[in-house]
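Q: So the protein sequences, as listed, match chains A and B. When we follow the numbering used here, the leftmost residue of the first sequence carries the number 19, and every step to the right adds one. When we follow the numbering used here, the leftmost residue of the second sequence carries the number 19, and every step to the right adds one. Note that beta-carbon positions come from the ideal geometry of N, C-alpha and C, so glycine has one too.
2 protein chains.
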Amino acid sequence: MRPAHFSLDGQGALYEQLARVLKRAILEGRFGGGRLPATRTLAKMLGLSRNTVLSAYDLLSAEQLATARGRSGTHIAQSARSTPRGRPRSAPASPSRYAARARQLPPMTLGPRREQPRYDLHYGEPITDPQLFHSWRRKLAAAALRAGPRYPDPSGFLPLRRAIAEHLGRRRGIVCTEDEVLIVGGTQQAVTLAARVVLDEGDVVVIEDPHYQNVAQALVAHGGRIVSVRTDQSGLVTSELAKHHPRLICVTPSHQFPAGSVLSLERRFELLHIAASQSSWILEDDYDSEFQYPGRPLGALRSMDLSDRVIYVGTFSKTLFPSLRLGYIVCPSSLRDDLRIAKRLDDLGSPAIEQAALASFMRSGQFEKYLRKSVAELRQRRNVLLEGLRRHAGDRVEIHDAQAGVHVVVWFRRLNYPQLDRLIEIGIRQGLGLYPMHPNYRVRPVRPGLLLGYAGLSAASLEAAAELFGRCLDLMDQEAGSGNDRKAAARRI
Amino acid sequence: MRPAHFSLDGQGALYEQLARVLKRAILEGRFGGGRLPATRTLAKMLGLSRNTVLSAYDLLSAEQLATARGRSGTHIAQSARSTPRGRPRSAPASPSRYAARARQLPPMTLGPRREQPRYDLHYGEPITDPQLFHSWRRKLAAAALRAGPRYPDPSGFLPLRRAIAEHLGRRRGIVCTEDEVLIVGGTQQAVTLAARVVLDEGDVVVIEDPHYQNVAQALVAHGGRIVSVRTDQSGLVTSELAKHHPRLICVTPSHQFPAGSVLSLERRFELLHIAASQSSWILEDDYDSEFQYPGRPLGALRSMDLSDRVIYVGTFSKTLFPSLRLGYIVCPSSLRDDLRIAKRLDDLGSPAIEQAALASFMRSGQFEKYLRKSVAELRQRRNVLLEGLRRHAGDRVEIHDAQAGVHVVVWFRRLNYPQLDRLIEIGIRQGLGLYPMHPNYRVRPVRPGLLLGYAGLSAASLEAAAELFGRCLDLMDQEAGSGNDRKAAARRI
């Protein structure tokens with residue numbers, strides 16, 4: 019035994035540390051003769067008290083790795099001695115096909131910056147309304163005493179499913195019962211569950227271009243053969259769908275993510291018709307349909323579906339806050355049992371207390387009230403941002419003016435991609451968080467653009483952010499100008 | 019158009035109901051001529067006010083399904099008219115292979131009875147300590163204001179991961195850092211994530227016989243080729259493992275579920291050796307290791323693993339309560355990134371507020387204190403139950419006396435399976451919830467047995483339950499006796 023190898027890890031009591039080191043040495047077969055050193059010898063050698071060594075040996079005995087035998091010392095258990103010595107040579111296991119695909123995924127670019135800039139236009143930030151968290155705290159506290167400790171209903175808390183069904187009838191024109199509603203851990207889990215029950219490896223799944231990265235990545239990892247179909251001012255170009263014979267079509271009809279268009283009525287009919295005639299499933303991601311500014315939006319695609327092809331997905335990440343991790347599926351009747359079982363097998367159901375708190379928040383009318391307040395607030399923030407962009411960015415950007423959601427898109431008229439990178443860099447230095455559009459595309463758009471999320475900043479901050487954005491563009495122009503000057507100067511020489 | 023088909027669904031305002039019916043009729047192509055009926059005509063026909071009809075038509079216009087054109091009436095949108103009529107013939111889509119497997123699963127028998135009997139010995143009930151929920155309520159309320167609204171860290175809240183790493187070092191002899199800990203939605207999600215990253219369809223996975231049904235079902239649905247290996251008084255019979263060349267071995271070493279044995283040291287060494295030499299993964303489900311009654315248990319298998327083969331899984335369902343839905347994986351270093359990505363892709367992370375509340379509960383020492391209190395309480399409940407069984411069931415049962423956990427197993431010396439069913443039936447009638455052992459086996463044991471969970475009942479209730487159990491056995495004996503009498507009587511005739 020080589021004492022040089024004895025280094026304690028500093029966690030917990032000394033005798034525990036010593037026991038761990040000895041255990042490792044036993045497991046590695048580093049004690050000759052099947053005996054531990056005499057306690058006095060070891061104590062002296064390591065400069066520890068004999069009691070520490072004795073306690074460590076007691077621990078090893080408790081774990082059956084050693085047995086004290088009076089005068090003949092402490093013997094290592096027979097089973098530990100007869101084990102093949104050292105680390106067995108273990109071939110590095112090959113990953114599953116799922117893991118192999120997941121390893122190939124590009125890094126996510128949607129996440130917020132680690133060091134949050136002063137004005138962060140990151141998409142996905144919720145409205146930060148302190149009042150909501152005070153209400154939510156009360157609801158949670160009450161639910162903690164009421165929800166009960168037992169395993170939850172894997173399909174979701176019944177009063178919550180009922181409240182969601184009512185809400186969808188009122189707001190999205192969807193007539194459904196609580197039995198068709200399945201509670202899940204947000205849109206992400208909805209997509210992975212849907213993938214599991216309708217997609218085998220290699221099956222074709224259509225996603226929009228652009229699209230939400232997390233959803234696309236989950237489908238790639240699942241093994242779907244991804245076909246991206248372009249979108250335009252009327253949403254997904256449905257005429258390009260049929261030739262792919264997709265098994266699943268993922269679509270954001272009310273507010274294309276992130277480009278912002280609304281799927282036209284013609285295309286809705288066409289999409290439903292293709293799905294019905296080709297036996298495809300449609301995953302309708304209605305992620306921010308609650309935020310429509312000029313009044314009543316088109317109903318959900320699901321409300322027009324007579325052929326039971328639409329898997330409707332909604333989330334509370336936008337209407338409440340994303341750290342809640344709650345969303346729902348309205349299941350097509352022929353997939354209802356499959357989706358329910360998949361949810362049960364995945365995690366036995368979502369946490370009970372938060373579901374009970376949310377049910378009470380919805381039934382008391384506070385949710386509707388909060389939504390109305392949010393819509394008013396977001397409309398104002400949006401107007402301030404758009405106004406600021408017009409004033410400070412002028413004709414250098416083209417604003418894609420969708421009447422919904424929590425973000426706007428701007429396209430640059432004159433910048434190229436290296437210049438976009440430079441602009442984002444300048445932004446960071448100036449305290450402005452800017453996020454590019456192109457990572458959300460499979461086919462990179464000709465012109466670069468930005469995805470500007472406005473829910474996380476107050477109107478005053480958005481005004482300042484827009485002004486700062488203008489200043490960053492000015493700095494770009496100056497750099498370009500001085501670059502041109504240098505080039506011109508170089509030509510003159 | 020046939021007015022006979024107009025039946026309103028009674029949800030919401032009248033005009034909304036009418037709009038829904040009309041929308042459906044439009045989608046089904048039931049209006050000839052491309053126009054809606056004149057408002058007066060329809061109002062008269064249906065006995066509604068004309069304003070109701072006008073409002074319904076307005077809604078349809080808002081959804082772009084119809085357009086009012088002054089004197090010429092309300093026209094149905096061109097796109098709605100040009101759509102193929104009626105329900106397209108949609109071939110019933112075949113399910114995914116996952117869904118096909120999930121549909122074949124037998125119904126779960128672990129769940130509690132719908133109508134809870136007065137004394138329910140259901141396994142999985144937590145200790146119902148009202149004090150815990152008062153503490154938890156305060157933690158949640160504080161966390162609601164602190165956790166923040168943003169998307170959580172998909173791998174889990176850092177202070178929680180740190181608290182778990184410390185706890186495992188202290189209680190389970192596992193030395194790990196917070197980076198190796200992944201927060202998941204309970205053991206179930208841990209298993210499905212592990213399956214995803216190590217198992218392809220058709221790969222061999224060993225489960226113990228008996229085993230936890232939910233875990234086995236998830237592995238079947240995932241597509242694992244399930245091999246069950248028997249257990250005995252020393253846990254999993256490891257000598258039967260190697261020939262199967264498993265890719266994954268699921269095991270409950272500290273307290274075999276549900277038979278109750280502890281995996282012996284020899285077999286631990288053998289198991290680790292097989293895993294290392296065959297490049298198998300071991301999923302160590304340490305589901306109730308906190309509850310050990312005679313002092314210090316064996317360390318976790320993970321603490322003996324020098325070859326990085328053990329995926330260690332723990333849960334708060336037993337130590338706190340199952341409706342919480344929180345657990346953790348201690349990842350082998352070579353699977354850490356794969357498991358992290360799998361968790362992110364599955365649901366973007368577990369809810370933030372409950373993670374923050376739990377971190378605070380652990381760091382404040384309340385968790386340790388609660389555990390100590392629980393262990394004392396459970397020990398007492400267990401003693402009361404065992405004592406009661408000995409007194410009231412006598413030699414009619416053989417008690418499997420595991421020194422751990424939240425349940426005991428009894429085997430019947432004289433009953434056969436039809437008699438077991440009868441006993442359970444008598445139990446229900448007497449207000450006693452009894453649950454059989456054999457559904458947890460792939461190979462049905464020769465003698466029938468019961469799985470008696472004792473965490474959910476007070477000591478007094480357990481005493482009453484044991485007495486009632488004795489009475490049910492007496493009733494069985496009487497029935498058997500009178501049956502014998504009848505048979506004897508029949509013979510005499």
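Determine whether the beta carbon atoms of His425/B and Leu470/B lie at a separation below 8 Å.
A: The residue labelled residue 425/B in the question sits at position 407 within the second sequence. The residue labelled residue 470/B in the question sits at position 452 within the second sequence. In this structure, Leu470/B lies closer than 8 Å to His425/B by Cβ.
Q: Give the residues of chain B in contact with Tyr116/A, contact being defined as C-beta atoms less than 7 Å apart.
A: For this step, residue 116/A is matched to residue 98 along the first sequence. Neighbours of Tyr116/A on chain B, chain order: Arg214, Val215.
Q: Beta-carbon of Ser257/B versus every beta-carbon of chain A: anything under 8 Å?
A: Sequence index remark: in the second sequence, residue 257/B carries index 239 (1-based). So no, Ser257/B is outside the interface.
Q: Which term fits Arg168/A, buried or exposed, when burial requires 16 or more other beta carbons within 10 angstroms of its beta carbon?
A: As a working mapping, residue 168/A is identified with position 150 in the first sequence. When all chains shown are included, Arg168/A counts as buried.
Q: When DSSP labels each residue in this structure, what does Gly104/A get in the three-state scheme?
A: Walking along the first sequence from the start, residue 104/A turns up at place 86. Annotation note: pLDDT 48 at Gly104/A (below 50); position unreliable, coordinate value reported separately. It is coil, neither helix nor strand.
Q: Determine which residues of the stretch 158-169 of chain A have a Cβ less than 9 Å from any Cβ of chain B, and write them out in chain order.
A: Cβ contacts with chain B come from Leu158, Ala159, Ala160, Ala161, Ala162, Leu163, Ala165, Gly166, Pro167, Arg168, Tyr169.
Q: For Phe287/A, would you say it is in contact with chain B, using Cβ-to-Cβ distances shorter than 8 Å as the test?
A: Here residue 287/A corresponds to residue number 269 of the first sequence, with the count starting at 1. At least one chain B Cβ lies under 8 Å of Phe287/A.
Q: Might you give, ordered along the chain, the residues of its own chain that have their beta carbon closer than 6 Å to the beta carbon of Gly278/B, omitting 5 neighbours on each side?
A: What you label residue 278/B is simply residue 260 of the second sequence in a count that begins at 1. Cβ within range, chain order: His418, Ala420, Val427.
Q: Between which two residues does the alpha helix (DSSP H) carrying Thr210/A extend?
A: For the purposes of this step, residue 210/A is taken as the residue at position 192 of the first sequence. Here the alpha helix (DSSP H) through Thr210/A covers 204-216.
Q: Does any C-beta atom of chain B lie closer than 8 Å to the C-beta of Gln448/A?
A: Position 430 of the first sequence, counted from the start, is the residue given in the question as residue 448/A. Not one chain B Cβ lies under 8 Å of Gln448/A.
Q: To the nearest angstrom, report how far apart Gly104/A and Leu491/B are at their CA atoms.
A: Along the first sequence, read from residue 1 onward, the residue named residue 104/A stands at position 86. Along the second sequence, read from residue 1 onward, the residue named residue 491/B stands at position 473. Only weak support is given to the placement of Gly104/A: the predicted model assigns it a pLDDT of 48, under 50, and the value that follows is read from those uncertain coordinates. The straight-line gap from Cα to Cα measures roughly 55 Å.
Q: Return the bridge partner residues of Ile300/A from the DSSP annotation.
A: As a working mapping, residue 300/A is identified with position 282 in the first sequence. DSSP, once it has assigned bridges, lists Ile267/A, Val328/A as partnering Ile300/A.
Q: Which residues in the same chain have their Cβ closer than 8 Å to the Cβ of Pro369/B, if we skip the five residues on either side of it in sequence?
A: Taking the second sequence and counting its residues from 1, one reaches residue 369/B at position 351. Answer for Pro369/B: Pro170, listed in chain order.
Q: Looking at the strands, I want to know which residues DSSP matches up with Val428/A.
A: In the first sequence, the residue the question calls residue 428/A occupies position 410. Partner(s): Ile417/A, Leu468/A.
Q: Along the stretch 137-157 of chain A, where does the CB come closer than 7 Å to a CB of chain B? Name the residues.
A: Under the 7 Å Cβ criterion, the stretch 137-157 of chain A contributes Gly142, Glu143, Pro144, Thr146, Phe151, Trp154, Arg155.
Q: Am I right that Ala515/B and Arg155/A are in contact with their C-beta atoms under 8 Å? What's the rounded C-beta distance?
A: Residue 515/B cannot be examined here, being either before or after the span of chain B that is shown, 19 to 511.
Q: Taking the straight line between their C-alpha atoms, what separation do you get for Gly345/A and Phe175/A?
A: On the first sequence, residue 345/A is found 327 positions in, with the first residue counted as 1. On the first sequence, residue 175/A is found 157 positions in, with the first residue counted as 1. C-alpha separation (whole angstroms): 12 Å.
Q: Is Gly204/A closer than 8 Å to Thr333/A when the C-beta atoms are compared?
A: Taking the first residue of the first sequence as position 1, residue 333/A is located at position 315. Taking the first residue of the first sequence as position 1, residue 204/A is located at position 186. Yes, Cβ-Cβ distance for Thr333/A and Gly204/A is below 8 Å.
Q: Given a cut-off of 8 Å, decide if Leu217/A and Leu266/A are closer than it, judged by their beta-carbon atoms.
A: Your numbering for residue 266/A matches position 248 in the first sequence. Your numbering for residue 217/A matches position 199 in the first sequence. For Leu266/A and Leu217/A, yes; Cβs fall inside 8 Å.
Q: For the beta strand (DSSP E) holding Asp227/B, just list the boundary residues, first then last.
A: Along the second sequence, read from residue 1 onward, the residue named residue 227/B stands at position 209. Its beta strand (DSSP E) spans residues 222-227.
Q: Go through its chain and collect everything with a Cβ distance to Tyr305/B's Cβ below 7 Å, but skip five positions before and after it.
A: Along the second sequence, one-based indexing puts residue 305/B at 287. If we look at Tyr305/B and ignore the five residues flanking it on each side, its Cβ neighbours are Thr205, Thr270, Phe275, Thr333, Lys336.
Q: Please state whether the Cβ-Cβ distance between Asp227/A and Val247/A is less than 8 Å.
A: Looking up residue 227/A in the first sequence gives position 209. Looking up residue 247/A in the first sequence gives position 229. In contact: Asp227/A and Val247/A (Cβ atoms closer than 8 Å).
Q: Tell me whether Leu281/B, by its Cβ, gets closer than 7 Å to a heavy atom of the ligand COA.
A: For the ligand COA, the structure offers nothing, since it holds no ligand at all.
Q: Express the C-alpha separation of Val193/B and Leu254/A in angstroms, rounding to a whole number.
A: As a first step, residue 254/A is located in the first sequence; it is residue number 236 there, counting from the start. As a first step, residue 193/B is located in the second sequence; it is residue number 175 there, counting from the start. Going by the C-alpha atoms only, they are around 52 Å apart.
Q: Do Leu433/A and Tyr453/A have their CB atoms nearer than 8 Å?
A: As a working mapping, residue 433/A is identified with position 415 in the first sequence. As a working mapping, residue 453/A is identified with position 435 in the first sequence. Not in contact: Leu433/A and Tyr453/A (Cβ atoms no closer than 8 Å).
Q: Since Phe275/A meets chain B, which of its residues come closer than 8 Å, beta carbon to beta carbon?
A: Within the first sequence, the letter at position 257 stands for residue 275/A. Per Cβ cutoff of 8 Å: no residues; Phe275/A is ~15 Å from chain B at best.
Q: If the cut-off is 8 Å on Cβ atoms, which residues from the stretch 42-55 of chain B count as contacting chain A, listed in chain order?
A: Per Cβ criterion, the list reads Arg42, Leu45, Glu46.
Q: Please list the partners that Arg27/A has in chain B, where partner means a Cβ-to-Cβ separation under 7 Å.
A: For the purposes of this step, residue 27/A is identified with residue 9 of the first sequence, where counting begins at 1. Looking at the sequence provided, one finds Asp at residue 27/A rather than Arg. Correct list: Val193.
Q: Applying a beta-carbon distance threshold of less than 9 Å, which residues of chain B neighbour Asp365/A?
A: Working through the first sequence from its first residue, we reach residue 365/A at position 347. Chain B residues near Asp365/A: Val202, Gly203, Gly204, Gln206, Gln207, Thr210, Arg343, Asp364, Asp365.
Q: Are there 16 or more other CB atoms within 10 angstroms of the CB of Lys361/A, so buried, or fewer, so exposed?
A: Translated into positions along the first sequence, residue 361/A becomes position 343. Classification of Lys361/A: buried, given that the 10 Å Cβ count is 16 or more.
Q: Let me know the secondary structure DSSP gives Ala422/A once reduced to three states.
A: Here residue 422/A refers to the residue found at position 404 of the first sequence. Ala422/A: strand per DSSP, three-state reduction.
Q: Report the rounded CA-to-CA distance for Leu493/A versus Val331/A, giving the unit in angstroms.
A: To locate residue 493/A, count along the first sequence from 1; it is residue 475. To locate residue 331/A, count along the first sequence from 1; it is residue 313. The alpha-carbon atoms of Leu493/A and Val331/A are separated by roughly 43 Å.
Q: With Asn458/B and His240/B assumed to form a contact (beta carbons below 8 Å), what rounded beta-carbon distance in angstroms separates them?
A: As a position in the second sequence, residue 458/B is number 440, starting the count at 1. As a position in the second sequence, residue 240/B is number 222, starting the count at 1. Contact doesn't hold; Cβ gap of about 19 Å is too wide.
Q: Start and end of the alpha helix (DSSP H) containing Thr70/B?
A: Stepping through the second sequence from its first residue, residue 70/B is reached at position 52. That run of the alpha helix (DSSP H) goes 68-80.
Q: Going along the chain, which residues of its own chain have a beta-carbon closer than 8 Å to the beta-carbon of Ser476/B, five neighbours each way excluded?
A: In the second sequence, residue 476/B corresponds to position 458, counting from 1. Cβ within range, chain order: Arg399.
Q: Using a Cβ cut-off of 8 Å (strictly closer), state whether Asn458/B contacts chain A.
A: Looking up residue 458/B in the second sequence gives position 440. No, Asn458/B lies away from the interface with chain A (no Cβ there is under 8 Å from its Cβ).
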